[in-house]
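Colleague:
2 protein chains.
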Amino acid sequence: MPELRRDPITGDWVIVASERAKRPSDFRSHSPGREEQGEAPCPFCPGNEAMTPPEIMAFRHPGSQRDGPGWWVRVVPNKYPALGIEGDLNKTGIGMYDWMNGVGAHEVIVETPEHGKQVAFLDNRQLEDVLWAYRARYLDLKKDPRLKYILIFRNYGRVAGASLSHPHSQLVATPIIPGVVAGELEGARRYAEYRDRCVFCDIVRQELDEGKRVVAENKHFVVVAPYASRTPFETWLLPKSHSASFAAIPAEEQTSFAVVLGETLRRLHLCLEDPPYNYTIHTAPCDTDEDGGFHWHLSISPRLTIAAGFEMGTGIYINVTPPEIAAEHLRATDPDGAAVAAGETSVGGEKGRA
Amino acid sequence: MPELRRDPITGDWVIVASERAKRPSDFRSHSPGREEQGEAPCPFCPGNEAMTPPEIMAFRHPGSQRDGPGWWVRVVPNKYPALGIEGDLNKTGIGMYDWMNGVGAHEVIVETPEHGKQVAFLDNRQLEDVLWAYRARYLDLKKDPRLKYILIFRNYGRVAGASLSHPHSQLVATPIIPGVVAGELEGARRYAEYRDRCVFCDIVRQELDEGKRVVAENKHFVVVAPYASRTPFETWLLPKSHSASFAAIPAEEQTSFAVVLGETLRRLHLCLEDPPYNYTIHTAPCDTDEDGGFHWHLSISPRLTIAAGFEMGTGIYINVTPPEIAAEHLRATDPDGAAVAAGETSVGGEKGRA
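These protein sequences, in sequence, are chains A and B.
So the first sequence is numbered by the numbering used here: it starts at 52 and just counts up by one.
So the second sequence is numbered by the numbering used here: it starts at 52 and just counts up by one.
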């Protein structure tokens, strides 16, 4: 069972994976564990369903069998979960330290049966189904009173922490409200207290007025390079209408979200030659996702630079590309140029492998 | 002039380096900028002093000339500073956003004239002089009322953000109290308010009692793998006596600090085969560094794993090596085995290059 331990100074929680503990030899540069897995069979490919734990849900063609081929989106438990679904928290003090069992959920959303496909080049309908799968898993896990927060994210490329190249996202549900989330909630609350408006609604308004950090806009969403971007080409997708939870999205907006997400990923792909990235969905905690005190959004962070001692010691990021310049480049990139680049997917797919 | 911009939600500041802005082509994987610099002359080597801005201070042999060879520790302004030393802050609002000039200081402490030397294998006297240089620069910059915080840190290895391999540390002075620092101060304050004791003094006491996370101990310092280590083999050097500022260290403790720092770096080097790492000195802000509300220490974070979407979205780190296991391995590593490994410095030095 993983453990949750709390830093007695900052209050931040850490997950300690004590069962599959790594020893020094696992980190040595020449150890086999750090080499590419080569052509090992992919557990996310159709036909290899038995390599994953039994599926939680899937969108399948009629007549296909659970845990067999015939699906187009498939959700499975993570084989090496950061948090385990069974058990109680058993919150305990160890002298001055706080401890609890690592209870939660860790799932993988396999986004397509096609191993070499890039999410940026999925068709809109397929990408929308990925988003519907996110929502279905969110709403199901929300019923578990032990779970306080549900994060959905995507690691793309080895540099961004992906260990398998087959397109997939992940979901982790935590028994606590994570520090980053608490910080955003508190910031939004403070702003609302002072100005009686939503900080994200104000961002949408000011960015659309100023225009220079806007990458794209459609009926329901605006895509911006945020004013205080931490990293070059950081990009946010903000819904125009105020809603605390991404799971409350109406069907029409979901279609719009899929279109704008695909376009944005293609812009980044074309502008930066298939960069590694992480995206995360920022949404309200489970028990307050209907009270309006937050404004959900998705942030994409390309991994183009390295956060080092200065960032660690201060939390201040040094961004070498002003967001106005990033937005200018992304705006000028035609996501429909993607039709051409899409023919090169196998090349991109190779680069994106692992 | 760099800019400081504040995230309107989290309140975190970001440095935007607008003058040497990087464009998409700078990040493309095949652009020359991303290739190794090969055998370009090293600006930190003796004889190449003219490649850096004029030196701020140096420990020099008698008769040697400023900005010439003959030094054993040399401090220079960073040629590409994250923050600039000239000018006023000009704090400004841009609609809902907060902005100020990127005023501060960014210096490089060149730790030895020997290009291929590893800091872990510097002799104690040399390492102590590096620490005295840290202190001298801290005390000098503290006089500037614009500067609120001074961070001293070291990036070692390309993965840890080092762009030059010649041994060096960095100092950045900021015109604001950084978020990470504010969080640690607030945590220490909260703990002291509740228990009327210093959280770090309590950590020292509990760790020495329990023993299982202790790596080493001498008269003045204890080295531990912290209870809530964020990353495998995270290691803290804690002074046993309570002091808010590392700059207030008595001479006897400085000697002890140099010995224990060198030993700890050698343990990590030997145990993990020359890992990339960042170390940072956590000390109180300039204007409260004498009031006792903090307890300075040094933290070392080997870069063995990748923080990805989950860490970004939550702030919760997943650590695959429990600190009890890390401490066991580091304790079992004889830093005097370093005498043998020191003969291999050139190999390690190659690996550590850039």
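Glycine included, every Cβ here is placed at the ideal spot set by N, Cα and C.
What does DSSP give as the partner residues of Val223 of chain A in its beta bridges?
Modeller: In the DSSP output, where bridge partners are listed per residue, Val223 of chain A has A:His157 and A:Leu202.
Colleague: Nearest to Ala298 of chain A by alpha carbon, out of A:Asp260, A:Val265 and A:Glu341?
Modeller: Residue A:Glu341 is the option with its Cα nearest to Ala298 of chain A.
Colleague: Against Asn99 of chain A, what residues of chain B qualify as contacts under a CB-to-CB distance less than 7 Å, listed in chain order?
Modeller: What Asn99 of chain A touches in chain B: nothing, since even the nearest Cβ is about 24 Å away.
Colleague: Report the neighbours of Trp183 of chain B on chain A: residues whose CB is nearer than 9 Å to its CB, in chain order.
Modeller: Chain A residues near Trp183 of chain B: none, gap ~20 Å exceeds 9 Å.
Colleague: For chain B, is any of its Cβ atoms less than 9 Å away from the one on Gly212 of chain A?
Modeller: For Gly212 of chain A, the answer is yes, since a Cβ of chain B falls inside 9 Å of its Cβ.
Colleague: Taking 6 Å as the limit between beta carbons, can you name the residues of its chain near Arg85 of chain A, skipping five residues before and five after?
Modeller: The pLDDT assigned to Arg85 of chain A is 42, lower than 50, so where the model puts this residue is not dependable; a value taken from the coordinates is nonetheless given after this. None.
Colleague: Where are the beta strand (DSSP E) runs, 3 residues long or more, that stay fully inside the region 95-148 of chain A, in chain order?
Modeller: Taking only runs of at least 3 residues, the beta strand (DSSP E) segments lying wholly in the region 95-148 of chain A are 108-111, 122-128 and 143-145.
Colleague: Round the Cβ separation of Ala22 of chain B and Ala377 of chain B to the nearest angstrom and send it over; I've been treating them as touching at under 8 Å.
Modeller: Residue numbering for chain B in the displayed model covers 52 to 405; residue 22 of chain B lies beyond these limits and cannot be assessed.
Colleague: For a cutoff of 9 Å on Cβ pairs, would you count Phe10 of chain A as touching chain B?
Modeller: The question about residue 10 of chain A has no answer here: the residues shown for chain A are numbered 52 through 405.
Colleague: Between His380 of chain A and chain B, is there a C-beta pair that is closer than 9 Å?
Modeller: By this cut-off, His380 of chain A is an interface position.
Colleague: Excluding sequence positions up to five away, which residues of its chain have a Cβ less than 7 Å from the Cβ of Phe95 of chain A?
Modeller: Val161, Leu215, His217 and His219.
Colleague: So is Pro386 of chain B buried or exposed if we call it buried at 16+ other beta carbons inside 10 Å?
Modeller: Pro386 of chain B should be labelled buried.
Colleague: If we require 4 or more residues per run, which alpha helix (DSSP H) segments fall completely within the region 237-307 of chain A?
Modeller: Runs of the alpha helix (DSSP H) inside the region 237-307 of chain A: 250-261.
Colleague: In angstroms, rounded to a whole number, what distance separates the CA positions of Ala309 of chain B and Arg74 of chain B?
Modeller: Cα to Cα, Ala309 of chain B sits roughly 42 Å from Arg74 of chain B.
Colleague: Please list the partners that Trp64 of chain A has in chain B, where partner means a Cβ-to-Cβ separation under 7 Å.
Modeller: Ordered by position in chain B, the residues that pass the 7 Å Cβ test against Trp64 of chain A are Ile367.
Colleague: Could you name the residues of chain B that Met363 of chain A contacts, counting a contact when the two beta carbons are closer than 7 Å?
Modeller: Residues of chain B passing the Cβ test: Asn329, Thr331 and Ser352.
Colleague: If Val67 of chain A sits next to Arg56 of chain A, beta carbons under 8 Å apart, how far is it from one beta carbon to the other, in whole angstroms?
Modeller: Sure, about 6 Å apart at Cβ, within 8 Å.
Colleague: Who are the neighbours of Cys322 of chain B on chain A, taking C-beta pairs under 7 Å?
Modeller: Chain A residues near Cys322 of chain B: Pro75.
Colleague: Going by the CB atoms, is the gap between Val154 of chain A and Glu137 of chain A shorter than 9 Å?
Modeller: Yes, Cβ-Cβ distance for Glu137 of chain A and Val154 of chain A is below 9 Å.
Colleague: Going by DSSP, what residue range makes up the alpha helix (DSSP H) through Glu362 of chain A?
Modeller: Residues Gly360 to Thr365.
Colleague: Under 9 Å Cβ-Cβ, which residues of chain B neighbour Arg281 of chain A?
Modeller: Result: Asp58, Asp63 and Val65.
Colleague: Tell me the rounded alpha-carbon separation between Pro301 of chain A and Phe78 of chain B.
Modeller: Approximately 37 Å between the Cα atoms of the pair.
Colleague: List, in order along the chain, the chain A residues whose C-beta lies closer than 9 Å to that of Asp253 of chain B?
Modeller: Going along chain A in sequence order, the residues near Asp253 of chain B (Cβ under 9 Å) are Pro59, Gly146 and Met147.
Colleague: I want to verify the contact list: residues of chain B whose CB lies under 7 Å from the CB of Val231 of chain A, in sequence order.
Modeller: Near Val231 of chain A (Cβ distances below 7 Å), the residues of chain B are Gly364, Thr365 and Gly366.
Colleague: Taking 9 Å as the cut-off, decide whether the C-beta atoms of Tyr330 of chain A and Gly208 of chain A are in contact.
Modeller: No, the pair does not count as a contact, with Cβ atoms beyond the cut-off.
Colleague: Just confirm the distance between the C-beta atoms of Ala295 of chain A and Trp347 of chain A, as a whole number of angstroms; I'd bet it's less than 8 Å.
Modeller: Right, the Cβ-Cβ distance comes to about 6 Å (below 8 Å), so this counts as a contact.
Colleague: When you compare only the Cα positions, how much space is there between Asp260 of chain A and Ala267 of chain A?
Modeller: Roughly 13 Å separates the two Cα atoms.
Colleague: Hey, is Arg317 of chain B's beta-carbon within less than 9 Å of any beta-carbon in chain A?
Modeller: So, not an interface residue.
Colleague: For Glu235 of chain B, name the three-state secondary structure that DSSP assigns.
Modeller: Note: Glu235 of chain B maps to helix in three-state DSSP.
Colleague: Determine the closest residue to Leu381 of chain B out of A:Val65, A:Gly62 and A:Ser76, with distance taken between C-alpha atoms.
Modeller: The option with the nearest alpha carbon to Leu381 of chain B is A:Ser76.
Colleague: May I ask you to list the residues that DSSP assigns as paired with Met52 of chain B?
Modeller: None, per the DSSP bridge assignment.
Colleague: Where does Val210 of chain B sit, in a helix, a strand or coil, going by DSSP?
Modeller: DSSP places Val210 of chain B in helix when its eight states are reduced to three.
Colleague: Mind checking which residues open and close the alpha helix (DSSP H) that includes His380 of chain B?
Modeller: Note, His380 of chain B: alpha helix (DSSP H), Pro374 to Ala383.
Colleague: Counting C-beta neighbours from all protein chains within 10 Å, is the total for Tyr131 of chain B 16 or more, i.e. buried, or is it exposed?
Modeller: Burial call: exposed.
Colleague: Would you mind working out which of B:His112, B:Arg117 and B:Pro97 sits nearest Glu106 of chain B, comparing C-alpha positions?
Modeller: Checking every option, the nearest Cα to that of Glu106 of chain B belongs to B:Arg117.
Colleague: Quick check: the region 358-377 of chain A against the region 280-294 of chain A, are there 3 or more CB pairs under 8 Å?
Modeller: Contact holds: three or more Cβ-Cβ distances are below 8 Å.
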